[in-house]
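Novice: Using the working numbering, the first residue of the sequence shown is number 1124, and each one after it goes up by one. A virtual CB, placed ideally from N, CA and C, is assigned to each residue, including glycine.
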Amino acid sequence: AAPHPDAAPHPGTAPDHDVLIIGAGFAGLYQLHRLRELGHDARIIEAGDDVGGTWYWNRYPGARCDIESVEYSYSFDPELQDEWDWSERYAAQPELLAYAQHVADRYGLREDITFGTRVERLDWDDEAGRWTVTTDDGASRTARYVIAATGCLSVPSRPEFEGLTDFAGEVYRTSRWPHEGVDLTGKRVAVIGTGSSGLQTITAIAPVVGELTVFQRTPSYAVPAHNGPNAQRLADARKRYSEIREHSRMSRTGFGCPEGTLLLADTPAEEARREFDTRWADGGLCFSSAFKDILRDARANEIAAEYVRDRIRAKVEDPQLAEKLSPRTYPIASKRMCVDTGYFEVYNQPNVSLVDLNEQPIRRITERGIVTGVTGEAGKAGEADDEREHACDVIVLATGFDAMTGALTAMDIRGTGPTLREKWAHGPRTYLGLMSAGFPNLFTITGPQSPSVLSNMMTSIEYHVDWITRALEHLRAHGLHRMEAAPEAEDNWVNTTNDLAARTLMPQAASWYMGANIPGKQRVFMPFIGGVGTYRQIGDGVATAHYHGFELA
Ligand code: FAD
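1. Who are the Cβ neighbours of ASP1516 in its own chain at under 6 Å, not counting the five residues just before and after it?
2. Among SER1374, ALA1456, ILE1168, ALA1214, which one has its Cα closest to the Cα of ARG1356?
3. Below 7 Å CB to CB, which residues in the same chain sit around GLY1406 once its five sequence neighbours on both sides are set aside?
4. Suppose you measure from the CA of TYR1230 to the CA of LYS1438; what does that come to, to the nearest Å?
5. Have a look at GLU1211, LEU1155, SER1192, ARG1241 and flag the residue whose alpha-carbon is nearest the alpha-carbon of ASP1228.
6. In whole angstroms, what is the alpha-carbon distance linking TRP1616 and ILE1236?
7. Apply the 10 Å Cβ neighbour rule to THR1384 and answer buried if 16 or more other Cβ atoms are within range, or exposed otherwise.
8. Give me the Cβ distance between LEU1335 and ASN1474, rounded to the nearest whole Å; I'm assuming they're in contact under 8 Å.
9. Under a three-way DSSP split, which group does THR1495 fall into?
10. What does the alpha-carbon distance come out to for the pair VAL1519 and ILE1144?
11. Tell me which residues share the same chain as HIS1133 and place their Cβ nearer than 8 Å to its Cβ, disregarding the 5 neighbours each side in the sequence.
12. So ARG1372 and ARG1659 are supposed to be a Cβ contact under 8 Å. How far apart are they, rounded?
13. Return yes when at least one heavy atom of the ligand FAD lies under 7 Å from the C-beta of GLU1682, else no.
14. Mind checking GLY1304: buried by the 16 CB within 10 Å criterion, or exposed?
15. Which class does ARG1253 belong to by DSSP, given the choice of helix, strand or coil?
16. Taking the alpha-carbon positions, what's the SER1280 to LYS1644 distance?
17. Cβ of ALA1170 versus every heavy atom of the ligand FAD: is any distance shorter than 7 Å?
18. Enumerate in chain order the residues of its own chain whose CB-to-CB distance from GLU1366 is below 8 Å, with the five nearest sequence positions on each side excluded.
19. Which residues in the same chain as CYS1275 place their Cβ atom closer than 7 Å to its Cβ, once the five residues preceding and following it in sequence are excluded?
20. To which residues does DSSP link GLU1293 through a beta bridge?
21. Ignore the nearest five residues each way along the sequence and tell me which others in GLY1538's own chain have a CB closer than 6 Å to its CB.
22. Cβ of GLY1146 versus every heavy atom of the ligand FAD: is any distance shorter than 7 Å?
23. Between which residues of its own chain and VAL1647 is the CB-CB distance below 6 Å, once the five residues before and five after are set aside?
24. Do the segment 1582-1596 and the segment 1157-1168 make contact, defined as three or more Cβ pairs closer than 8 Å?
25. Hey, is LEU1276 close to the ligand FAD, as in C-beta under 7 Å from one of its heavy atoms?
26. Whole-angstrom Cβ separation of SER1449 and ARG1432, contact assumed at under 8 Å?
27. Once DSSP output is grouped into helix, strand and coil, what is the label at HIS1305?
28. So, for GLY1379: in the same chain, excluding its five sequence neighbours on each side, which residues have a beta-carbon less than 7 Å away from its beta-carbon?
29. Closest to VAL1494 by CA distance: which of ASP1400, GLU1285, VAL1226, THR1582 is it?
30. Which term fits PHE1524, buried or exposed, when burial requires 16 or more other beta carbons within 10 angstroms of its beta carbon?
31. Could you spell out where the beta strand (DSSP E) holding TRP1247 opens and where it closes?
32. Who does PHE1673 pair with in a DSSP beta bridge?
33. Taking all protein chains shown into account, do 16 or more other C-beta atoms lie within 10 angstroms of the C-beta of ARG1451, making it buried, or fewer, making it exposed?
34. Buried or exposed: which applies to GLY1148, given that a residue is buried once 16 or more other Cβ atoms fall within 10 Å of its Cβ?
35. Suppose only complete runs of 4+ residues qualify. What are the alpha helix (DSSP H) ranges in the segment 1536-1566, listed by chain order?
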């Protein structure tokens, strides 16, 4: 790859920075803090105007985390842990954003963050051993190391709807919700998308809107949150916080799920039901950890799926509607499950309707609303009478993200060989989700082929930050300046992650884990499914064995 014309290094001079970090979400903030503590010269470049990442951008009504706040929080500083009171079992976006802001202020991080600036291009100069980082303001800076803390769910997908710009009403994306909020009172609102953001938005706005029309392509399995005040949980957690954190670090999911030890396929139906009932009553994502074989055995998976469908049928009065809201086309937990607070009950409201996009796909958007057409026997494509216009005042796009690789391939990254986009055209290739061969001194936090989105991200973020920090310390201590994933180690790791995924039902879903929500994106299961604790042991083992599989110079 040819170097960028503006990327000429300053021969003989030191790079502008020891480390440049891209992104000021929870990953970037902790990374900056750790490096500064150790005396590295580090700086963050962040596209947004404030810290918080996911929780800065996603301000839609009802936005909240689906991991309990006592666990979806930093563990690195016991004082921080003790001083921050999470008000709800599952924190809502404003509280999560306030927490990120508190962290930035508490550790004085803002002085080393450049806001409102997007990194567009990275050029590696092998001779000088540094990256040139070019930003959208036309400036460029050099750094010996670059750490991409760019987020797994930070680039919204942009599905093409013909005529969207003709729409006379308002259009909002959940992931770019206006900071000042939107008054939807009495309005006719259309929501496209029924993943996690869609579910949360729909549930939150249903009580205030005039009419709500939900456009669903794929229904979601959702378990109840049983959200509520958190004082008791927090007090209990504070009595044994270090034990909770240690357990999470070594667990499969990165949070305190009791892992089922039995096979569902061998468990008597009554007993299985009791276990599911208990987990349903507890609420949250631990539902899918009830039995060992839910993600491995299609029969077991179907039993768990049917349990959830039963629950949906019990909540939705109209049986036909309940059927439409019941997922049938993919195994339960092969897409990230949703955690809901009265989502299905919304459909019992007379002013709420559902459009199943499998029966009536969106044909176009007009000045007045969304036009769908009937498919199959009932409709002949293109005939006017097959079509239906759903008039609305507001369209909400809850259409997801270009997950895991989107923010990385959005940048033009040029290392020693093909660009990152070229290299990853057939799916991401990394060693441990931390580095990719051909891109020396470039680290990724929660990159593809690490547990990342299959886990409590806070646990995975902290682990990667600690791992990268330890690696940089190792380089410094040994007078080394260059680190790169070895191609063979990378090949082995990619094969390992693919093999592990292939032993599960995960690749059967057309999910964002597979890149299936982005037209043209290679379908490959992107995260490491072997579990957070196992991954940690592997990562620690590699570091202890003098960074086995990495080339250091
Ligand atoms: P992000 O928070 O995404 O931050 C990345 C930052 O990098 C962003 O601010 C972005 O602007 C910036 N950036 C990206 N590219 C560039 C560039 N080229 N130049 C400059 N800046 C750039 N995870 C859980 O574990 N539990 C949950 O309950 C949960 N709920 C979620 C709910 C929603 C709605 C979403 C979208 C995600 C959720 N996640 C959840 C995942 C969440 O993304 C992570 O938990 C975590 O916040 C990620 O932190 P991060 O710092 O890695 O990335």
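Specialist: In short:
1. GLY1292, LYS1310, ARG1311
2. ALA1214
3. VAL1346, PRO1347, ALA1348, HIS1349
4. 47 Å
5. LEU1155
6. 34 Å
7. exposed
8. 6 Å
9. strand
10. 32 Å
11. Bear in mind that the predicted position of HIS1133 carries a pLDDT of just 49, short of 50, making it too unreliable to give a figure here.
12. 6 Å
13. Examination of residue 1682 is not possible in this model, given that the chain is present from 1124 through 1676 alone.
14. exposed
15. strand
16. 11 Å
17. yes
18. none
19. ALA1526, MET1527, THR1569, SER1575, VAL1576
20. VAL1517
21. TRP1247, GLY1561, PHE1562
22. yes
23. GLY1550
24. yes
25. yes
26. 4 Å
27. Checking the displayed sequence, the identity of residue 1305 turns out to be Val instead of His. Coil.
28. GLU1194, ILE1367, HIS1370, SER1371
29. GLU1285
30. buried
31. 1242-1248
32. ALA1608
33. exposed
34. buried
35. 1543-1546
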